[in-house]
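**Student:** Numbering (the numbering used here), first residue to last: 101 to 207. Every residue, glycine too, gets a C-beta built ideally from N, C-alpha and C.
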Amino acid sequence: MLLEEMLKHHHYKVITAYNGLDAIQKSNQEKVDVILLDICMPIFSGYWFCDAFKKRSRTQNVPVIVISALAEEQDIKKAYQVGACAYLTKPISMDQLVQTIEKQLAV
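1. Please determine, among V166, K113 and T159, the residue with the shortest C-alpha to C-alpha distance to C140.
2. So F144 and N128 are in contact, right, with Cβ under 8 angstroms, and what is the actual spacing, rounded?
3. So which of K178, A186 and S157 has the shortest CA-CA distance to P163?
4. Mind reading off the beta-carbon distance from F149 to I124? Whole number of angstroms is fine, and I expect it under 8 angstroms.
5. For G183 versus D151, is the C-beta distance shorter than 8 angstroms?
6. A171 to Y180, Cα distance in whole Å?
7. Between which two residues does the beta strand (DSSP E) carrying Y187 extend?
8. Do K126 and Y147 have their C-beta atoms closer together than 8 angstroms?
Structure below.
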């Protein structure tokens, strides 16, 4: 929730999902401009979500930014393989996150 509050402070509208299935359902109901995603989520992994999200024509061009404590090369590589456009390793600064979001929204 801390991340959510910080993003709202930077004037972003935030929709929070608590697992991969919830995220898919919410992305069906709401238009989203960017996805912030952790790889370690309950029910379905972030890899599963990203892959499913990017395969849908409606959301295939929405940037997915992964924020994860997983820092191994194979974790990062797999995230990019399933469609992530950026990978940030925790801990991250708010400046780093906002800069990454703005860069992806400008593409």
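**Tutor:** By the coordinates alone:
1. The option with the nearest alpha carbon to C140 is V166.
2. Actually they do not touch by this definition, with Cβ atoms about 15 angstroms apart.
3. When only C-alpha atoms are compared, the closest one is A186.
4. Contact holds; Cβ gap of about 7 angstroms.
5. Cβ distance < 8 angstroms, so G183 and D151 count as in contact.
6. Approximately 13 angstroms, taken between the alpha carbons.
7. Membership of Y187 in the beta strand (DSSP E) is indicated by the continuous run A186 to T189.
8. With contacts defined by Cβ atoms closer than 8 angstroms, K126 and Y147 do not form a contacting pair.
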